[in-house]
Every structure is written in structure tokens, then in C-alpha cells.
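A.B. asks: Please read through the structure below; I'll follow up with questions.
Number of protein chains: 2
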Amino acid sequence: MGLIVQKFGGSSVKNAERLFHVAKIVTDTYAKGNSVIVVVSAQGDTTDDLLEKAAEINPQASKREMDVLLNTGEMISISLLAMAIEKLGYPVISLTGWQAGFLSDSNHGNARIRRINTERVENEIHKGNIVIVAGFQGLNRYDDLTTLGRGGSDTSAVALAAALSADKCQIFTDVDGVYTADPRLVKTARKIDEITYDEMLELATLGAQVLHNRSVEMAKKYSVNLEVVSSLENKPGTQIKEVVKVEKMLIKGVARDNDVARISVIGLPDQPGIAFRVFSLLSAKKINVDIILQSIGREGTKDISFTVSRSHRQQAVDLLNEVKESLGAKEILCDENISKISIVGAGMQSNPGVASKMFEALGEANINIQMISTSEIKISVLIDRKDSERALSVVHDAFAI
Amino acid sequence: MGLIVQKFGGSSVKNAERLFHVAKIVTDTYAKGNSVIVVVSAQGDTTDDLLEKAAEINPQASKREMDVLLNTGEMISISLLAMAIEKLGYPVISLTGWQAGFLSDSNHGNARIRRINTERVENEIHKGNIVIVAGFQGLNRYDDLTTLGRGGSDTSAVALAAALSADKCQIFTDVDGVYTADPRLVKTARKIDEITYDEMLELATLGAQVLHNRSVEMAKKYSVNLEVVSSLENKPGTQIKEVVKVEKMLIKGVARDNDVARISVIGLPDQPGIAFRVFSLLSAKKINVDIILQSIGREGTKDISFTVSRSHRQQAVDLLNEVKESLGAKEILCDENISKISIVGAGMQSNPGVASKMFEALGEANINIQMISTSEIKISVLIDRKDSERALSVVHDAFAI
Numbered sequence: 021m022g023l024i025v026q027k028f029g030g031s032s033v034k035n036a037e038r039l040f041h042v043a044k045i046v047t048d049t050y051a052k053g054n055s056v057i058v059v060v061s062a063q064g065d066t067t068d069d070l071l072e073k074a075a076e077i078n079p080q081a082s083k084r085e086m087d088v089l090l091n092t093g094e095m096i097s098i099s100l101l102a103m104a105i106e107k108l109g110y111p112v113i114s115l116t117g118w119q120a121g122f123l124s125d126s127n128h129g130n131a132r133i134r135r136i137n138t139e140r141v142e143n144e145i146h147k148g149n150i151v152i153v154a155g156f157q158g159l160n161r162y163d164d165l166t167t168l169g170r171g172g173s174d175t176s177a178v179a180l181a182a183a184l185s186a187d188k189c190q191i192f193t194d195v196d197g198v199y200t201a202d203p204r205l206v207k208t209a210r211k212i213d214e215i216t217y218d219e220m221l222e223l224a225t226l227g228a229q230v231l232h233n234r235s236v237e238m239a240k241k242y243s244v245n246l247e248v249v250s251s252l253e254n255k256p257g258t259q260i261k262e263v264v265k266v267e268k269m270l271i272k273g274v275a276r277d278n279d280v281a282r283i284s285v286i287g288l289p290d291q292p293g294i295a296f297r298v299f300s301l302l303s304a305k306k307i308n309v310d311i312i313l314q315s316i317g318r319e320g321t322k323d324i325s326f327t328v329s330r331s332h333r334q335q336a337v338d339l340l341n342e343v344k345e346s347l348g349a350k351e352i353l354c355d356e357n358i359s360k361i362s363i364v365g366a367g368m369q370s371n372p373g374v375a376s377k378m379f380e381a382l383g384e385a386n387i388n389i390q391m392i393s394t395s396e397i398k399i400s401v402l403i404d405r406k407d408s409e410r411a412l413s414v415v416h417d418a419f420a421i
Numbered sequence: 021m022g023l024i025v026q027k028f029g030g031s032s033v034k035n036a037e038r039l040f041h042v043a044k045i046v047t048d049t050y051a052k053g054n055s056v057i058v059v060v061s062a063q064g065d066t067t068d069d070l071l072e073k074a075a076e077i078n079p080q081a082s083k084r085e086m087d088v089l090l091n092t093g094e095m096i097s098i099s100l101l102a103m104a105i106e107k108l109g110y111p112v113i114s115l116t117g118w119q120a121g122f123l124s125d126s127n128h129g130n131a132r133i134r135r136i137n138t139e140r141v142e143n144e145i146h147k148g149n150i151v152i153v154a155g156f157q158g159l160n161r162y163d164d165l166t167t168l169g170r171g172g173s174d175t176s177a178v179a180l181a182a183a184l185s186a187d188k189c190q191i192f193t194d195v196d197g198v199y200t201a202d203p204r205l206v207k208t209a210r211k212i213d214e215i216t217y218d219e220m221l222e223l224a225t226l227g228a229q230v231l232h233n234r235s236v237e238m239a240k241k242y243s244v245n246l247e248v249v250s251s252l253e254n255k256p257g258t259q260i261k262e263v264v265k266v267e268k269m270l271i272k273g274v275a276r277d278n279d280v281a282r283i284s285v286i287g288l289p290d291q292p293g294i295a296f297r298v299f300s301l302l303s304a305k306k307i308n309v310d311i312i313l314q315s316i317g318r319e320g321t322k323d324i325s326f327t328v329s330r331s332h333r334q335q336a337v338d339l340l341n342e343v344k345e346s347l348g349a350k351e352i353l354c355d356e357n358i359s360k361i362s363i364v365g366a367g368m369q370s371n372p373g374v375a376s377k378m379f380e381a382l383g384e385a386n387i388n389i390q391m392i393s394t395s396e397i398k399i400s401v402l403i404d405r406k407d408s409e410r411a412l413s414v415v416h417d418a419f420a421i
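Protein sequence lines correspond, in order, to chains L and B.
Here the first sequence stands for residues 21 to 421, numbered as in our numbering.
Here the second sequence stands for residues 21 to 421, numbered as in our numbering.
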């Protein structure tokens, strides 16, 4: 018995049948004596349908109005889920993001949660209600609706679990946990029982697509007991926590990320502060930069290459072209046909053999490495996109994870 | 130049083409130097689609959750209309009902506006924005979303015009004004240029279907200059005001109302207070009663007949059956195959010939009158539904309106 936050994504609530399936999971948890808060996303393709409606009218619509439009998606799913739970005979109430107290900044389309005023949710829990909360939504200081951007519902769930000191935050998905690699791409991939926040963070960032990195960061910061479980099968999922029991394998998983583009600024004057100017420009526009490589060029110049997500590619290129002359750069290049392959595992920091083993596996498969980035718990390489599925498999097999 | 509230219904904003048509009307009004507030309904069939989604899951869903679901309809239309106006290059902002300050009671599904906190709307007007407001929506004292029931968007528009002392409130419809009878049913019907609040109120109540009675009542109470205009053609509509110039015709219009059912409580003991008990029961459940007829029956009993809207029929019958024995009634009957035909006009109160002329026209057409109700400015009769179209025509022609 305790306070449990359960999060269900769009495919889990996409139609009446799936909604009742979720209602059953939720009411079973409640019937065992738990207090239950449910965070849901918009149904199936609702968000895409809304984006399409907007694009038909104004492809350059303001983000503020897009957020008003997108807020309807989760309002539909919370009310329908509440109706399904009413039908099963349990006390329930739905709350929009702002009703549940989610206060955010004003970065429409990708807002950050500033604070959660939990009074209403706590009152409803004390009344004995199952509380259904719209994920992905916030309210800024001007009383305008915002959305939290990609993976926003996961973040809503974890933030609410943190604010309420919930005993557990369960993220229900179509898969039954976190895998050592994408099981659709790597046949030998296997489920991980326990993983640390940091390892999960690397896997999430790297495109494992089970949990969004913002939610894992928040879970780590507030020590939320996180669990990825299947919404389809009733079996143990993956526990994400601070310390996990030591397993014999160094490497927790291999991930591929296709949402990456490489931008190169060629022929910069070799002066102090040049790199700062490039990256402060991007950071001012909230463009996240990942792997960075700086190389000495010829005749006192240098080249800076870095990766950004594909959605930021054009904006980054445009920004750099605007300041190309004042930077003294010769050329701005962009390559999209790349993938990032990463291995993650807390054990690798004290084991220098890991990197060379990865490079060896790729070399034997004749896959060229374009850029390398390492941290205490991961090694990432940038390769040609056409080689990426093969790379996943050979690296996975090399470590026999 | 002034402050103008413009209201557009669901069919006026049903797709991108119609939205841009509305955006054109709105921005033309703004470009002439007016401050413009636009109240919109949900797009076309959106509300019906949402009701269907809910019915699939739980036909007995709570009204509170229905209101959360239905609130999404107007949120979609306000954001899309704002995007269309942005596209035309005008400053615009959309506001939900609660953002626009609509505070209501807690009668979910049919809430009444208690107060409008106009601060936000006034701020946006002062900033020079065209303000798009979601009609039909309110927020109760518990911060829960409500809806205002049928004709709610008209009421939102008039209430906002009243609260802001707007110079004009224009209700845009698919017809070009108020007619002496439904032009689809009576070929000789003609458009009315000016009509008083009271006359319009009777026509609205009686099913003229152009304006909802709640909005006209509110316009009368706060002396809002109301105008019904065509959203399709640019020509004068019908002005609704306190005093209109005298026309030679006594009768302003003829209306038919099919949304009516007759309930009879048969064989009640002939005691004081019995009628009060019947009607206080219905009023406690917010069931509105229209025409009432009480007749003396045999052996010290009496019968009470009255009409209610069809949607309240079953609830009223169930309520009365529950207390049948304690009332001492013999039987509860219900007839749905009836229509109400009414003539409306401020001149008739001083002209006793009007009623007999109406009854004569119906008598000559061999149409039986079941119940009669009169007020200072209208006469209504209850007849068989099958005769109703014929009745409309013969009455309209008798007065050559």
C-alpha cells in the first residue's frame, strides 16, 4: 500500500478497448489499497491530427496558439479514461495540467516545469479519488497554456511523483522493459532487470526510446523509484534506481540514435573565444549541441564540427550562415546521413579495454568511425546511417550483453 | 469605431476555408478601427463526435467529465481561428472560457454564468490584440470546467458584450436575419428588420432557432445592442433592441417548436398544494415546465397537464412515477407527438381579434387545438405534430405577415 503514479502513453489509450484495459490496471492497483495518480498522453494519433489541422491553416502558427490546440489532446484522454473508470464503479476525477498545479516557464512548445502546486491533487487523493492528470501540459505565469515538448508526459509523471514523494512511478509502455538494444533491430537483445539512473539517462539520450531523458534526469535528482513496465503483459519490468546489484556485464546496452545531424564550421580563424561565440549563439536559441570535435586546419584556421538533433539542423545552419562573415568562417556544412551508436554501462569507466573492443568490432565489420565521444559511462561513435543496423548488431554481439 | 463582439457558430468555422472567411470578416472590422472580440463555438460536428466517443465508453458518464471533454471543442476552434488571423498578419490572441474570466455555477452541462472577470480581455484589447474567446465555457468555484448548455456560445457573446459595455454584439449565422416564420417551412416568410427583445424572446423560446432565449434575456437585461447577421452575405440583418419603429403588422412572426412533450398527471385528489408539490419536484431537478393546464376531474379529483422539453420527458415521468402514490395520482401519461405553434407580436395585447383569427385559421384547416397558452405578446397552441407544417402556413397566411 502506498502512493503510486502510473503513466500511460498515447498508444495505451488510443481507443475504447485500450482505455478499459488501462482502467483495469489502474483500478486493480487502487483496489489493493493504494492511492493512485494516473498521468496520460493524448490518444494515439491525436497530436499528429491536430498538427495537421494547424499546418493546413498556418504552417507558421505561433507556438502559443499551437499549445492551446495541443492541450486538447490530453484533455480528451483524461476525460475518457475517467469515464471508463466511472463505468467500472470507482471514484475518479480528471485534472488538466493547470488544475493539477503544473506551473511552467513560457517556452511554448518545449516548456520546463517550474513548480507543482500539489494542493488540488492531494485533496482529491484524500477524498479517495483516483486522480487522472493530463501529461505534457503546463501553465505559465501569464495564465497561458504551455506544452512540455517531447517526452513531456513522462516528465509530468516523474515530476508529480517527486512533488508528492510517491512510493513508485510506473511508466507503462508497449514493451516490457528496457533492453540491451532495440529488440526490433538486434535479435540477441535481452531485457535489463535493474539499471542506474545514469545508465538509463545515457540510454534515453541515445535514442532507446523507452523513456525521455528529461524524466530520467528528474527521477535521479529527486530519487524517484522509477519502473518501466508493459501495459500489455503482467510481468516485472525494469527498475531504475540509484544503486543496482552488480551484474557480471560491464555494458548495459547499445543504442542507436538517428535523430542527429552533423554541422561543420570550416576555416575559422584560430583565435581564443571563437568556439564560445559559435556555441553561445546556438544556446541562446535553445539548440542543444551534442558531440563536439575541434580540429586544427591549415594556415592558422580551425574547423569545428558538432551534432544537433535533426529538427534543429536548418535553424542552426541558418544562424551560422548569418554570422559566417563576422566569425570569419569559410563554409558551413551539414550532413544528415549519419547515426550515433553508443554503448552504456557504469562498469566501463575502470575498464580501458571497452573502447578498443567497440572500435575493433566496428573495424572488423568495415564500418568507418567519423567522430567519437566518451563519458564516464558511455562511448558514442558517429557513423554512416547505412551502416547503423549492422553496427548495432556487431557491437552488441562483441560484448555478448 | 467602437468595441464590437462578434459571435460565430460551429458551421461558420467548420473547416479551413470557413475559418479564413471568418478571419476576413473579423480583420475587416478591426481594420476599420474597431476593437474586436470574437466568440466562437466548436467546429461543425466536433461536439457530436466527442459525445459519440464518450457514449462508446460510458453512456452514464458524469457531467463533470463530459464538460472536460466538451471544452476541447471550442479550444480547437479558437486556436485555429487565431492561427488564421495570424496568417492574415493581424495581432491576435485566443482565450479559453476561464482565461477570459467566465465564472459559472456548478451545474455541469447547463451552467449559468455568475460573473465575468474581464481584466485579461481588457488587457489584450489595450495591447491592440483581436481577442478570440471560446464560447460555451465556464469555470466553477472549485476550478472545474463547465459548459453553458444549448445556445451557450450566444450567451457567452452577449454576456461579454454586457460586461464590457460593448457598442454592439453581432451574432453571425447561416441565415441573414430573423424571419416571420421558418423560411424552409413557410415560403411567404420574410425577414424582419427590427424586433424588440420581448418579441425575439418569444420567438427564440418558441423554436425560431436563430438565437437562444438565454442570450436574448441577457441582452434585454443589460440593454445589449444585438444584431443577427449573415456570415455568408454582406447585408443588413435583424436589429434586436428595446424600442423599434412601429410597423403596420401586429404579428412579428409565427414559430413552431417540436421539442415539446406533454405529460399528464391523472386523478389527483382535489386538495390545496397538490399542484405546488408536482411542480416543486420538477423545479428541484431543474426541469422547466411550459404550458400548464389544470382541469377538474370526476369525484373530487383533478388532472394536471403540462409540457416539458423532450430531453426532460423521461426524467419527469420517472420522477412523477416515484411519487405517484404519495401524491394520490392514478396515472402518469406522456405524449410526444405534439408541436407548439405560436404567434408573437407586441401589438396583440390591445387587439382581442388576434386570438380568434388564429383559432379560426386552424379550425378552417381542420387542425385540432389541444392546449392554449397566452401572454401579453404571444399566443401558443399545442397541436398534433403531423399537422404542424400546415398549421405554420395557414397561420402565417392568415396574418399576411
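Backbone N, C-alpha and C define an ideal beta-carbon position, used for all residues, glycine too.
Would you mind working out which of A336/L, A51/L and R134/L sits nearest V112/L, comparing C-alpha positions?
C.D. replies: Of the candidates A336/L, A51/L and R134/L, the one whose C-alpha sits nearest the C-alpha of V112/L is A51/L.
A.B. asks: Just verifying my parser: in three-state terms, what is the DSSP assignment at V230/L?
C.D. replies: The answer is coil: DSSP assigns V230/L none of H, G, I, E or B.
A.B. asks: Output yes or no for whether 8 angstroms exceeds the beta carbon distance between I145/B and S114/B.
C.D. replies: No. Outside cutoff.
A.B. asks: Going along chain L, which residues have a C-beta under 9 angstroms from T167/B?
C.D. replies: Simply none; closest approach about 12 angstroms.
A.B. asks: With Q157/L as the anchor, note down where its beta strand (DSSP E) starts and where it stops.
C.D. replies: Counting along the chain, the beta strand (DSSP E) containing Q157/L begins and ends at Q157 to L159.
A.B. asks: For E356/B, name the three-state secondary structure that DSSP assigns.
C.D. replies: Residue state, collapsed to three classes: coil.
A.B. asks: With a threshold of 16 other CB atoms inside 10 Å of the CB of A75/L, please say whether the residue is buried or exposed.
C.D. replies: Result: exposed.
A.B. asks: When you compare the CB positions of I77/B and V25/B, do they come within less than 8 angstroms of one another, or not?
C.D. replies: Not a contact, by the Cβ cut-off of 8 angstroms.
A.B. asks: If you follow the beta strand (DSSP E) that G348/L is part of, which residue opens it and which one closes it?
C.D. replies: Premise fails: G348/L is in no beta strand (DSSP E) and is neither H nor E.
A.B. asks: According to the Cβ coordinates, are D163/B and R84/B closer than 8 angstroms?
C.D. replies: No; because the gap between Cβ atoms is not below 8 angstroms, this pair is not in contact.
A.B. asks: Would you mind sorting K44/B into buried or exposed? The rule is 16 or more other CB atoms within 10 Å of its CB.
C.D. replies: Its Cβ having fewer than 16 others within 10 Å, K44/B is exposed.
A.B. asks: Checking 8 angstroms against the spacing of the C-beta atoms, do D125/B and R135/B come in under that value?
C.D. replies: Contact flag unset, no.
A.B. asks: Does S82/L come within less than 8 angstroms of chain B when only Cβ atoms are used?
C.D. replies: So, interface residue.
A.B. asks: Roughly how many whole angstroms lie between the Cα atoms of V198/B and V249/B?
C.D. replies: Taking the straight line joining both Cα atoms gives about 9 angstroms.
A.B. asks: Should E76/L be flagged as near chain B, meaning a C-beta pair shorter than 8 angstroms?
C.D. replies: Taking Cβ atoms only, chain B reaches closer than 8 angstroms to E76/L, which makes this a yes.
A.B. asks: Considering only DSSP beta bridges, list what R135/L is partnered with.
C.D. replies: R135/L pairs with L123/L.
A.B. asks: Output needed for G172/L: all residues of its chain with C-beta closer than 7 angstroms, excluding positions within five of it in sequence on either side, in chain order.
C.D. replies: Correct list, in chain order: G155 and F156.
A.B. asks: Should M21/B go down as buried or exposed, given a rule of 16 or more other Cβ atoms within 10 Å for buried?
C.D. replies: Under this definition M21/B is an exposed residue.
A.B. asks: Would you list, in sequence order, the uninterrupted alpha helix (DSSP H) runs of no fewer than 4 residues that lie entirely inside the stretch 296-336 of chain L?
C.D. replies: The stretch 296-336 of chain L contains no whole alpha helix (DSSP H) run of 4 or more residues.
A.B. asks: Excluding the five sequence neighbours on either side, which residues of its own chain have a C-beta within less than 7 angstroms of the C-beta of R297/L, listed in chain order?
C.D. replies: Answer for R297/L: L347, listed in chain order.
A.B. asks: With 16 other CB atoms within 10 Å as the buried threshold, where does D68/L fall?
C.D. replies: Classification for D68/L: exposed.
A.B. asks: When Cβ atoms are compared, which residues of the stretch 85-104 of chain B fall closer than 9 angstroms to chain L?
C.D. replies: Cβ contacts with chain L come from E85, M86, D87, V88, L89, L90, N91, T92, G93, M95, I96, I98, S99, L100, L101, A102, M103 and A104.
A.B. asks: Name the DSSP bridge partner or partners of F40/L?
C.D. replies: Answer is none; F40/L lacks a bridge partner.
A.B. asks: Quick one: list the residues of chain L neighbouring D163/B, beta-carbon separation under 8 angstroms, in chain order.
C.D. replies: Result: Q119 and R140.
A.B. asks: Count the other C-beta atoms from every protein chain shown that fall within 10 angstroms of the C-beta of N160/L, then say buried if there are 16 or more, exposed otherwise.
C.D. replies: N160/L is buried by the Cβ-count criterion.
A.B. asks: Since D277/L sits in a beta bridge, which residues does DSSP pair it with?
C.D. replies: DSSP, once it has assigned bridges, lists K360/L as partnering D277/L.
A.B. asks: Helix, strand or coil for T167/B per DSSP?
C.D. replies: Note: T167/B maps to strand in three-state DSSP.
A.B. asks: When DSSP builds the beta bridges, which residues end up paired with S114/L?
C.D. replies: I152/L, per the DSSP bridge assignment.
A.B. asks: Tell me, to the nearest whole angstrom, how far the beta carbon of A349/B is from that of V285/B; I am working on the premise that it is less than 8 angstroms.
C.D. replies: The pair is a contact, with the Cβ atoms about 5 angstroms apart (cut-off 8 angstroms).
A.B. asks: For S393/L, which residues in the same chain have their Cβ closer than 7 angstroms to its Cβ, ignoring the five residues on either side in sequence?
C.D. replies: Within the same chain, S393/L has close Cβ partners I311 and S400.
A.B. asks: Would you call the CB atoms of I271/L and I363/L closer than 8 angstroms?
C.D. replies: Cβ distance < 8 angstroms, so I271/L and I363/L count as in contact.
A.B. asks: In angstroms, rounded to a whole number, what distance separates the CA positions of I150/B and S55/B?
C.D. replies: Using only the alpha carbons, I get a separation of about 7 angstroms.
A.B. asks: For S126/L, return the contacting residues in chain C, with the cut-off set at a CB-CB distance below 7 angstroms.
C.D. replies: Chain labels in this structure do not include chain C; the protein chains are L and B.
A.B. asks: Just to confirm the assignment, what range does the beta strand (DSSP E) spanning T394/B have?
C.D. replies: M391 to T394 is the extent of the beta strand (DSSP E) around T394/B.
A.B. asks: Checking 8 angstroms against the spacing of the C-beta atoms, do L184/L and V141/L come in under that value?
C.D. replies: Contact: yes.
A.B. asks: Let me know the secondary structure DSSP gives L252/B once reduced to three states.
C.D. replies: Looking at L252/B - three-state DSSP - the assignment turns out to be coil, as it is neither helix nor strand.
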